[in-house]
Amino acid sequence: MDGMNHSVVSEFVFLGLTNSREIQLLLFVFSFLFYFASMMGNLIIVFTVTLDANLHSPMYFLLANLSIIDMAFCSITAPKMICDIFKRHKAISFWGCITQIFFSHAVGGTEMVLLIAMAFDRYVAICKPLHYLTIMSPRMCLFFLVTAWIIGLIHSVGQLVFVVDLPFCGPNILDSFYCDLPQLLRLACTDTQELQFTVTVNSGLISVGSFVLLVISYIFILFTVWKHSSGGSSKALSTLSAHITVVVLFFGPLMFFYTWPSPTAHLDKYLAIFDAILTPFLNPIIYTLRNKEMKVAMKRLCSGLVHYRKIS
């Protein structure tokens, strides 16, 4: 891009989370364990849904794709953060920073749309059970998935297209462990007030709008379950509570990042850890521990693997 011709800065330096050796060690162990657990937990969900024919339904198709997105999301920033914890010079190249921002917004936007699709799936299953398989056909599920990725990519490209041509001539210090647009824009050697406002409106509206839409839809579904309470209502409420918990965990930090008028850098950093590592780790736990079908399917899968090993 032409913008690189007048950009002096070729890399950005992270201040990281802390300079205390003891806290760094604690963060390293904590981050590594949770990153490994989130990757393994989501992989187990993907393999269980793929290999168990009893889980070949729209709800579990969307859940498996949510796990794939969670693995991608936590892999954007967590590995570099873990590698950088003990380094004195925590640097990332200009294009490495841009790439990190691109994928975090693309995958994050995709997950927002997918969570809306999962809410719609529960609405159809609970409010229109007789038409569920007709409405949530394989074509509709694929349409949701493709649409989610397209919207995520458009959201990310739409913001970065104005950023890559900005001049960066110093300073190049980011008080964080990862790259994000609000911090990057403040380092540009030109007035970016309008662009910062655009980014806040773009990311803020899509996160707050999606959250409000999801809350309204779940309130409507819960009202429907309460109105037509029957023997299956407890199962529906258990599934809904899992979905609502995931929505709150995912959107809480995002709305704080992009809508809080004067965010605190230290609070931002620790909330970012929650969003990047803890939420992808909690998702498989929430969906497996509160889902009887998933637990039974995992037991069948484990039994099948043990039986296969004995035969071989």
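Going by the numbering used here, the first residue of the sequence shown is number 25, and it counts up by one from there.
Ideal placement from N, C-alpha and C gives every residue a C-beta, glycine not left out.
- Between the C-alpha atoms of L205 and F38 there is a straight-line separation of about 14 Å.
- For L190, the secondary structure class from DSSP, reduced to helix, strand or coil, is coil.
- A Cβ-Cβ separation of about 30 Å leaves M279 out of contact with I68 under the 8 Å criterion.
- By alpha-carbon distance to E317, the top candidate from Y84, P153 and S55 is Y84.
- Annotated three-state conformation of F168 is helix, per DSSP.
- Beta-bridge partners assigned by DSSP to I116: F36.
- CA-CA distance, A115 to T123, rounds to 14 Å.
- Sequence-distant Cβ neighbours of L177 in its own chain, meaning closer than 7 Å and more than five residues away, are A130.
- The stretch 102 to 119 and the stretch 49 to 60 touch, with three or more beta-carbon pairs separated by less than 8 Å.
- Sequence-distant partners of A300 (beyond 5 residues in either direction) whose C-beta falls short of 8 Å from its own C-beta, in its chain, are F97, C98, I100, T101, A102, M105 and Y202.
- Rounded to the nearest whole angstrom, the C-alpha separation of A88 and L211 is 39 Å.
- By the Cβ test, the stretch 127 to 143 is not in contact with the stretch 153 to 162, since fewer than three Cβ pairs between them sit closer than 8 Å.
- In the DSSP assignment, T222 falls within the unbroken alpha helix (DSSP H) covering Q217 to K251.
- Secondary structure note for S200: it is in no alpha helix (DSSP H), with a DSSP letter that is neither H nor E.
- Cβ contact annotation for V223 (same chain, cutoff 6 Å, sequence separation greater than five): Q183 and L205, in chain order.
- With respect to the C-alpha of I92, the residue from L75, L79, E35 and F71 having the closest C-alpha is F71.
- About 17 Å separates the CB atoms of M95 and M136; that is not less than 8 Å, and the two are not in contact.
- In this chain, the alpha helix (DSSP H) harbouring C98 covers P82 to D108.
- If you check the CB distance, F305 and G65 come in under 8 Å.
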